[in-house]
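K.L.:
Below you'll find the structure I mean.
In this note's numbering, the protein residues as written are 217 to 654.
Dropping the structure here:
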């Protein structure tokens, strides 16, 4: 108790500061015997100044304002002191639930903290530990890959997939994180550097996006207690060198694919979904596929008349070591369903050719019927050829189907010619026989 005022307590801190009632200031005075000229006065009320209060600083040489906020609290190190002096568990800080009566536990919840003027979003973070390869490692994962459309006229296909990128940034300190995965707000995530990948081959310029569809999460691996001098509170922090940052987004992109249609409709195609580090980051970023880098097909993927029977992930190797590991690709193996073409084109053509061949077994005297059937089959083949040609891929290559139909028409024409020559020989033999009988 103060001898001058027995109703007021004296508080003595661990570093020699004393908080006592001052009758001359009609308030509380904070002073230290080692710095007798420096005092802080609180006289807004005559209540004990617990919590966050505004004090008047006298004779302080620090370049601060004459008025400053000081925090006096009875809360433990594992508790958060509300501005009114009450205590709540530190884990309840910044959990989007009001625990303090004055809502101070949900104020100043900046999860991403960087040194001012010492962090650049345009520069990739250097590895914390010295290695031969000083590029930032980015783990890349692709899931739920689906092929939506294959357009052989445009030599392209559309794909949808989830893309996730994970990396570490030792320049960042994360605060107020929970033990489980933490989703950062757009304002917080925009403070961070992000890897930028381009989708190739693509008919346009397509790359990863930073928009409302991007989900950025962090998962702390270690905590430490630190006192934030700016808001005068203890807070749990996690260093960026041990805290992975993961950015996930759903993409729907169009990719170019050079289709080889020479063996149409028995053709098989190989297309690629490739992600490449953009030009100005390829010397500072390296990609690493999240293991296992396999893409099992739980069921056959069918797109129109195509069937995707294999997905194969790989990482192209480049001759330049500095540029290596800057690409990740998925090889897509595609084949065409041929039963539709067989039933609508090949089977009718084979049947017509068989009918033409059967005319050779007609009696030689019945030439009119033989030539009529053959010419009818030739007319049907020519019509079928014209109809089928409109549904064939528009390509400069001669496809296997076109060769097959041309051969069918030529074969029928040659058989008609051969039948006509046979008829001519038969007529000549009959004429010679009649002359000999005469």
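For every residue, glycine included, the Cβ atom is placed at its ideal position computed from N, Cα and C.
Between which two residues does the beta strand (DSSP E) containing residue 249 stretch?
P.N.:
Premise fails: residue 249 is in no beta strand (DSSP E) and is neither H nor E.
K.L.:
Which first and last residues belong to the beta strand (DSSP E) in which residue 360 is found?
P.N.:
Its beta strand (DSSP E) spans residues 352-367.
K.L.:
Could you say which of 565, 238, 277 and 561 lies nearest to residue 254 if we only look at CA atoms?
P.N.:
If we check each option's Cα against that of residue 254, 277 comes out closest.
K.L.:
Taking the Cβ atom as the reference point for each residue, do residue 356 and residue 569 lie within a distance shorter than 8 Å?
P.N.:
No. Outside cutoff.
K.L.:
Rounded to the nearest angstrom, what separates residue 225 and residue 256 at their Cα positions?
P.N.:
For residue 225 and residue 256, the distance between alpha carbons rounds to 17 Å.
K.L.:
Where does residue 459 fall in DSSP's three states?
P.N.:
DSSP places residue 459 in coil when its eight states are reduced to three.
K.L.:
Could you compute how far the alpha carbon of residue 425 sits from the alpha carbon of residue 518?
P.N.:
In a straight line, the C-alpha of residue 425 is about 29 Å away from that of residue 518.
K.L.:
Taking residue 354 and residue 400 to be in contact with their CB atoms under 8 Å, please state how far apart those CB atoms are, rounded to whole angstroms.
P.N.:
Not really, about 17 Å apart at Cβ, beyond 8 Å.
K.L.:
Measure the C-alpha to C-alpha separation of residue 363 and residue 475 and round it to an integer number of angstroms.
P.N.:
If I take the Cα positions, the gap works out to 15 Å.
K.L.:
Tell whether a beta-carbon distance below 8 Å holds between residue 352 and residue 343.
P.N.:
Contact: yes.
K.L.:
Would you grab the beta carbon distance between residue 550 and residue 613 for me? Rounded to a whole angstrom, and I think it's under 8 Å.
P.N.:
Not confirmed; about 17 Å, so no contact.
K.L.:
Alpha carbon to alpha carbon, how far is residue 481 from residue 557? Give it in angstroms, no decimals.
P.N.:
Taking the straight line from one Cα to the other gives about 7 Å.
K.L.:
Rounded to the nearest angstrom, what separates residue 415 and residue 471 at their Cα positions?
P.N.:
Distance between the alpha carbons of residue 415 and residue 471 is about 8 Å.
K.L.:
Under the assumption that residue 376 contacts residue 317 (Cβ atoms under 8 Å), give the Cβ distance between them as a whole number of angstroms.
P.N.:
Between residue 317 and residue 376 the Cβ distance is about 48 Å, and since that is not below 8 Å, they are no contact.
K.L.:
I believe residue 298 touches residue 320 by the beta-carbon criterion, under 8 Å. Please report the beta-carbon distance rounded to the nearest angstrom.
P.N.:
Confirmed, Cβ separation roughly 5 Å.
K.L.:
Report the option in 597, 593 and 483 whose CA atom is closest to the CA atom of residue 553.
P.N.:
Among 597, 593 and 483, the Cα nearest to that of residue 553 is on 483.
K.L.:
Suppose you measure from the CA of residue 618 to the CA of residue 590; what does that come to, to the nearest Å?
P.N.:
Distance between the alpha carbons of residue 618 and residue 590 is about 21 Å.
K.L.:
Between residue 250 and the rest of its own chain, which residues show a CB-CB distance below 8 Å, the 5 nearest in sequence each way excluded?
P.N.:
Cβ within range, chain order: 232.
K.L.:
Looking only at its own chain, which residues have a Cβ that is under 6 Å from the Cβ of residue 266, when we skip the five neighbours before and after it?
P.N.:
If we look at residue 266 and ignore the five residues flanking it on each side, its Cβ neighbours are 288 and 301.
K.L.:
Going by alpha carbons, who is nearest to residue 337 out of 628, 419, 273 and 407?
P.N.:
For the residues 628, 419, 273 and 407, the minimum Cα distance to residue 337 belongs to 407.
K.L.:
Got a sec, what are the start and stop residues for the alpha helix (DSSP H) residue 574 sits in?
P.N.:
Note, residue 574: alpha helix (DSSP H), 563-574.
K.L.:
CB-CB under 8 Å to residue 573, same chain, minus the five flanking residues each way: which ones, in chain order?
P.N.:
Cβ neighbours of residue 573 beyond the five flanking positions: 631.
K.L.:
Can residue 409 and residue 340 be called in contact, C-beta distance under 8 Å?
P.N.:
Cβ distance < 8 Å, so residue 409 and residue 340 count as in contact.
K.L.:
Kindly indicate which residue of 368, 497 and 563 has the alpha-carbon position closest to the one of residue 541.
P.N.:
Considering only alpha carbons, the answer is 497.
K.L.:
Counting C-beta neighbours from all protein chains within 10 Å, is the total for residue 239 16 or more, i.e. buried, or is it exposed?
P.N.:
It is exposed - the Cβ of residue 239 has fewer than 16 other Cβ atoms within 10 Å.
K.L.:
Are the CB atoms of residue 384 and residue 461 nearer to each other than 8 Å?
P.N.:
Cβ distance < 8 Å, so residue 384 and residue 461 count as in contact.
K.L.:
Would a C-beta distance cut-off of 8 Å place residue 212 and residue 312 closer than the cut-off?
P.N.:
Residue 212 lies beyond the residue range present for the chain, which begins at 217 and ends at 654; the question has no answer from this structure.
K.L.:
Bridge partners of residue 271, per DSSP?
P.N.:
Partner(s): 284.
K.L.:
Excluding five sequence neighbours on each side, which residues of the same chain lie with their C-beta closer than 6 Å to the C-beta of residue 393?
P.N.:
For residue 393, where only same-chain residues beyond five positions count, the Cβ hits under 6 Å are 436 and 454.
K.L.:
Among the residues of its own chain, which have a CB less than 8 Å from the CB of residue 478, if the five just before and after it don't count?
P.N.:
Closer than 8 Å at Cβ, skipping near neighbours: 613, 614, 615 and 616.
K.L.:
Under a Cβ-count criterion, where at least 16 other Cβ atoms within 10 Å of its own Cβ denotes burial, should residue 585 be classed as buried or exposed?
P.N.:
Result: exposed.
K.L.:
Could you say which of 629, 378 and 487 lies nearest to residue 548 if we only look at CA atoms?
P.N.:
For the residues 629, 378 and 487, the minimum Cα distance to residue 548 belongs to 487.
K.L.:
At which residues does the beta strand (DSSP E) containing residue 543 begin and terminate?
P.N.:
From DSSP, the beta strand (DSSP E) with residue 543 extends over 543-552.
K.L.:
By how many angstroms is the C-alpha of residue 387 removed from the C-alpha of residue 530?
P.N.:
Distance between the alpha carbons of residue 530 and residue 387: 31 Å.
K.L.:
Using 8 Å as the threshold, is the C-beta distance between residue 304 and residue 411 below it?
P.N.:
No. Outside cutoff.
K.L.:
Below 8 Å between beta carbons: does that hold for residue 246 and residue 269?
P.N.:
No; because the gap between Cβ atoms is not below 8 Å, this pair is not in contact.
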